[in-house]
Structures are given as C-alpha cells and as structure tokens.
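These notes concern the structure reproduced below.
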Amino acid sequence: MRLVLMDSEEVALRRALLELSSRAASLHFKLVMLLEEARIETIRLSGFLSSCETLNGKEHPLRKEVEEL
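Once you know that position 35 of the sequence shown is 448 in the working numbering, the rest is easy, because the numbers rise by one and skip nothing.
The structure is reproduced here in structure tokens:
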C-alpha cells in the first residue's frame, strides 16, 4: 500500500471540484423539477382550452400556441 500525500493546492482544488459537482447536481435536479412543473401546467392549460372550446363550440385562439408547447 502506497501513501500519497497531496499538497494543499491539490486538496483545495479537489474540495472546489466536489463543491461544484454538488452544486451542478442540485441545479440539475431543480431544472428537472421545473420542467416537470411546466409540463403539468401545459397539460392543465390544454384542458382549460378544451373546456372553453366545448362550451363555445369553436377552437380557442390560443390553441395553436399551446399545441406548439
């Protein structure tokens, strides 16, 4: 077994890398959650438009924009 000693600069860089990796993972998780929320809200909006279309008997003006989402 070999003992490897690291100088203080390498230790500091490894700690910084660990911190940045942790922050990146946290931001990735937040992004995934926001995308899921956006997906749910798009589905909800589509449902509201469908209700309006059923009541009015014609396509809602925002339908094409929602379809592009």
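Beta carbons are placed, not taken as given, at the ideal position from N, Cα and C, and that holds for glycine.
Computed from a predicted model, the values in this text were never measured in an experiment.
To the nearest angstrom, how far is it from the Cα of serine 464 to the Cα of lysine 477?
15 Å
In terms of residue numbering, what span does the alpha helix (DSSP H) encompassing histidine 441 cover?
421-469
Report back the beta-carbon spacing between valine 479 and threonine 455 to the nearest angstrom; my notes put them in contact at under 8 Å.
7 Å
Proximal residues to serine 435 (C-beta, below 7 Å), its chain only, five neighbours per side dropped
none
Taking the alpha-carbon positions, what's the leucine 475 to leucine 482 distance?
11 Å
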